[in-house]
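*Asks:* My questions will all concern the structure given below.
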Amino acid sequence: MTVAPTLVMGTAGHVDHGKTTLVKTLTGVDLDTLPEEKERGLTINLGFTSFTTPSGHRVAVVDVPGHRRFIKTMLAGAHGLDFVLFLVAADDSVMPQTREHLEILKLLGVQHGIIVITKIDLVEPDLRELVEAEVAELVEGSFLENAPLIGVSSTTGAGIPELTAAIDQMAGSIRPRERGAFFRMYVDRSFNVAGAGTVVTGTVLAGAVSAGDEVELLPGGGSARVRKLQRHGEDVDRARAGQRAAVNLKLVDKAAVERGDLLAAPGMVKPTYMVDAKLEVLAGYNKPLDHWTRVRFYLGTRETFGRVALLDRNEVQPGDNAFVQLRLEAPAPAVTGDSFILRDFSASWTIGGGRILDAHPTKHKRHRNLVVGDLERREAGYLEEIVELEVKKVGYFLARNDIAADLDAPLDRIGQAATALASAGSIITLAPKKSPWLIHREGWERLTGRLSDLLAAHHRDLPQLATGLSEQELRERVGRACGSAFPTEAFHSALERLAGEGRLREVEGTWALATHEAALGEADFAKLDTVRARYTDNPYTPPETDEIYKTSGLPQKVVKDLLEKMLAEGALVRVSREFLFDRAAIEAAREKLLAFIKEKGGITVSEFRELIGASRKYALPILTYFDGLGVTVRDGDLRRPGPKA
Ligand SMILES: Nc1nc2c(ncn2[C@@H]2O[C@H](COP(=O)(O)OP(=O)(O)O)[C@@H](O)[C@H]2O)c(=O)[nH]1
Ligand SMILES: [Mg+2]
Numbered sequence: 003m004t005v006a007p008t009l010v011m012g013t014a015g016h017v018d019h020g021k022t023t024l025v026k027t028l029t030g031v032d033l034d035t036l037p038e039e040k041e042r043g044l045t046i047n048l049g050f051t052s053f054t055t056p057s058g059h060r061v062a063v064v065d066v067p068g069h070r071r072f073i074k075t076m077l078a079g080a081h082g083l084d085f086v087l088f089l090v091a092a093d094d095s096v097m098p099q100t101r102e103h104l105e106i107l108k109l110l111g112v113q114h115g116i117i118v119i120t121k122i123d124l125v126e127p128d129l130r131e132l133v134e135a136e137v138a139e140l141v142e143g144s145f146l147e148n149a150p151l152i153g154v155s156s157t158t159g160a161g162i163p164e165l166t167a168a169i170d171q172m173a174g175s176i177r178p179r180e181r182g183a184f185f186r187m188y189v190d191r192s193f194n195v196a197g198a199g200t201v202v203t204g205t206v207l208a209g210a211v212s213a214g215d216e217v218e219l220l221p222g223g224g225s226a227r228v229r230k231l232q233r234h235g236e237d238v239d240r241a242r243a244g245q246r247a248a249v250n251l252k253l254v255d256k257a258a259v260e261r262g263d264l265l266a267a268p269g270m271v272k273p274t275y276m277v278d279a280k281l282e283v284l285a286g287y288n289k290p291l292d293h294w295t296r297v298r299f300y301l302g303t304r305e306t307f308g309r310v311a312l313l314d315r316n317e318v319q320p321g322d323n324a325f326v327q328l329r330l331e332a333p334a335p336a337v338t339g340d341s342f343i344l345r346d347f348s349a350s351w352t353i354g355g356g357r358i359l360d361a362h363p364t365k366h367k368r369h370r371n372l373v374v375g376d377l378e379r380r381e382a383g384y385l386e387e388i389v390e391l392e393v394k395k396v397g398y399f400l401a402r403n404d405i406a407a408d409l410d411a412p413l414d415r416i417g418q419a420a421t422a423l424a425s426a427g428s429i430i431t432l433a434p435k436k437s438p439w440l441i442h443r444e445g446w447e448r449l450t451g452r453l454s455d456l457l458a459a460h461h462r463d464l465p466q467l468a469t470g471l472s473e474q475e476l477r478e479r480v481g482r483a484c485g486s487a488f489p490t491e492a493f494h495s496a497l498e499r500l501a502g503e504g505r506l507r508e509v510e511g512t513w514a515l516a517t518h519e520a521a522l523g524e525a526d527f528a529k530l531d532t533v534r535a536r537y538t539d540n541p542y543t544p545p546e547t548d549e550i551y552k553t554s555g556l557p558q559k560v561v562k563d564l565l566e567k568m569l570a571e572g573a574l575v576r577v578s579r580e581f582l583f584d585r586a587a588i589e590a591a592r593e594k595l596l597a598f599i600k601e602k603g604g605i606t607v608s609e610f611r612e613l614i615g616a617s618r619k620y621a622l623p624i625l626t627y628f629d630g631l632g633v634t635v636r637d638g639d640l641r642r643p644g645p646k647a
């Protein structure tokens, strides 16, 4: 026999309709074990057990309280259910919490269930038929509309085999819901076990967890390591989405954990103070919901207070729905796509609920068509559109892997969406390939526009220079102009892309506009002529290089380029570190010198000074230069002909 996946079955229905008794009949386990529960015959806490169906499906059971005072506990038990036993007592029929539980199950997205009419031993068949008709009317249009309906009596055992068969069939036919990519589990119980330490239980909502894994505790942010895992009382190595698990935690740094906390793969969930959602207000709610109503927000097993900002109206009528931004008073570990429930502040009414469309929105102003339009697109749920909206929201660079975590969507599906968006031109993807940076077309246009403006201004100020700005300076200045701090790696990828498109060019370690050519104005040419003339007009008193840089009135780089060009062309000769000389003057000096030595046999420094009409400051370097070339050799105070004379 193959081991079927574990499914989680919950109970639902009004108090005293026989939920806990039915669980005991099916599993043999009495879950009302608290002294108070025993004494008052009232389920107060969540009860957990499990059983195996005749064909071997393992079913975890969550029994919830049905009293209106314990709806909060019911909510904690109702998240993560695969299917539900929806109970109505034959002698009491549809009651307030019958309705409220059904609404909550609908809002939480439960999709399968079995309707169970209990206590059939207490009524005549015609009354039972009346109750069945009432229930059929109640579930019309809901996920239970076509559900099996079975009458049972826990007292006589009537209908129990039929119910067992129906559960067996359901457990065999339900396909696990599509779950998220990384591990998440809300804690529904936390206790200390002697010798083991902290143990928490919950339903694994998404991903999987293994013994030895590190997990994050949210929203507090502590961390813990999984020491041991159990399912249905047996040690296991791993627990997967859709399974109930008991997790023995080794808490780090005095972290504490309680019901309502989320255990998650480290770094994947960012707690949030705001969520955008489509809120459905129950038809049974007692009044229109006003803007800025203070509410209780239920997510997983957690309760958080907050307010409802109605984005496109001032009130929502019962039975109607609207886009809202929930502003929370404490951070919640929400993930886009999660279902939530709202109750009123006094905790006596369920207002409604819905699905989170954006777990990390920006703060919205009310009555903005654009905001509502974007939420409509998110609600439509096409991953491509949602990815586009996420990228647009961030403004500039967003790492693909971060979107996958934010949306709790598989990386390959995000990747496909990004590829489609890129080929449609609505986003740009940048290196590296293994986790590309995504940027929305609008952000890209803005960024490249600012970048071009900055470089154009730079080239306008210094047209003589071929160089542009350093990468760091560009990143900081364009970032400031865009009101964003760009990740180094992402910005680099953007520049490379622009270079690849032929819009930018790397010049001597800077980035310049590809269209820019170092250009000199007329005045600049005159200045360059002056520089040239300094070498030719009085050839034996040339300027020192440092001095000409300072006095030329041109950027040093331009003068340097000119001098290097003149050296390369042979118009100038480097005589010493400080001095360049006009080549013709040096050639003339050499000829005069050689003629003098030929006649006199040698020459002193002062004789050479006189010969060329230059001061010692210039004459000496020229002689030293000739020594170096081997034209002359020193002999005491004299220079005599050298080997290259
Ligand atoms: N006669 C009769 N009584 C039942 C049946 N099922 C439950 N009860 C009784 O109904 C009361 C409430 O049952 P309980 O399981 O605690 O209801 P819950 O509040 O829905 O969990 C208890 O006194 C049960 O003994 C049934 O099938 N027949
Ligand atoms: Mg009960």
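Residue 3 is where the sequence shown starts when you use the numbering used here, and the numbers rise one by one after that.
Every residue, glycine too, gets a C-beta built ideally from N, C-alpha and C.
Note that the structure is a prediction, hence the values are computed from the model and not measured.
1. Below 6 Å CB to CB, which residues in the same chain sit around Glu260 once its five sequence neighbours on both sides are set aside?
2. Name, in chain order, the residues that DSSP records as bridge partners for His442.
3. Spatial neighbours of Pro221 within its chain, please: CB distance less than 6 Å, with the 5 preceding and 5 following residues excluded, ordered by chain position.
4. Which of the three DSSP states is assigned to Glu546 in this structure?
5. Cα separation between Glu580 and Thr547?
6. How many Å lie between Arg309 and Ala91 at the Cα?
7. Quick one: grab the DSSP three-state call for Val17.
8. In chain order, which beta strand (DSSP E) runs of at least 3 residues are fully inside the stretch 543–582?
9. Just grab the DSSP bridge partners of Phe193 for me.
10. Can you tell me whether DSSP reads Gln232 as helix, strand or coil?
11. Check Ala208 in the structure and name its three-state DSSP category.
12. Between the C-alpha atoms of Lys619 and Leu522, what's the straight-line distance to the nearest angstrom?
13. State the CB to CB distance for the pair Thr120 and Gly12, rounded to an integer number of angstroms; the pair is presumed to be in contact (CB under 8 Å).
14. State buried or exposed for Asn148, treating a residue as buried only when at least 16 other CB atoms are found within 10 Å of its CB.
15. Contact between the stretch 520–536 and the stretch 557–564 is defined here as three or more beta-carbon pairs at a separation below 8 Å; is this criterion met?
16. Anything with a beta carbon under 5 Å from a heavy atom of ligand 2 counts; list them all in chain order.
17. Closer than 8 Å is the cut-off here; do at least three beta carbon pairs connect the stretch 68–88 with the stretch 348–355?
18. Just to confirm, are Ala213 and Leu231 a CB contact at a threshold of 7 Å?
19. Whole angstroms is fine: what's the gap from Tyr384's alpha carbon to Leu391's?
20. Within the continuous beta strand (DSSP E) that includes Val326, where are the two ends?
21. Judging by CA-CA distance, which residue of Val577, Ala587, Asp263, Pro541 is the nearest neighbour of Pro623?
22. Start and end of the beta strand (DSSP E) containing Gly115?
23. Any contact between the stretch 139–154 and the stretch 41–52? By contact I mean 3 or more CB pairs, one from each, below 8 Å.
24. The alpha helix (DSSP H) spanning Arg585 covers which residue range?
25. Which same chain residues end up closer than 6 Å to Pro545 when comparing Cβ atoms and leaving out the 5 residues on each side of it in sequence?
26. Spell out a yes or no on whether the stretch 49–60 and the stretch 21–39 are touching, meaning 3 or more CB-CB pairs, one atom from each, closer than 8 Å.
27. Quick one: does the C-beta of Ser156 sit closer than 6 Å to a heavy atom of ligand 1?
28. With H, G and I counted as helix, E and B as strand and the rest as coil, what does DSSP make of Met276?
29. Less than 6 Å separating the Cβ of Leu124 from some heavy atom of ligand 1?
30. Only counting the same chain, and skipping five residues up and downstream in sequence, which positions put a Cβ closer than 8 Å to that of Arg452?
31. Quick one: what's Asp637 bridged to in DSSP?
32. Please report the distance separating the alpha-carbon of Asp292 from that of Thr158.
33. When the distance is taken between beta carbons, is Leu500 closer than 7 Å to Leu440?
34. May I ask which residues mark the beginning and end of the beta strand (DSSP E) holding Thr54?
35. Helix, strand or coil for Thr352? Go by DSSP, reduced to three states.
36. Taking the alpha-carbon positions, what's the Ala492 to Arg448 distance?
*Replies:* From the atom records:
1. Ser192
2. Ile429
3. Pro273, Pro333, Pro335
4. strand
5. 6 Å
6. 37 Å
7. coil
8. 574–576
9. Val201
10. strand
11. strand
12. 34 Å
13. No, Thr120 and Gly12 are not in contact; Cβ-Cβ is about 16 Å, not under 8 Å.
14. exposed
15. yes
16. Lys21, Thr22, Thr45
17. yes
18. yes
19. 11 Å
20. 323–334
21. Val577
22. 115–120
23. no
24. 585–602
25. Arg536
26. yes
27. yes
28. strand
29. yes
30. Val480, Ala483, Cys484
31. Leu640
32. 50 Å
33. no
34. 49–54
35. strand
36. 15 Å
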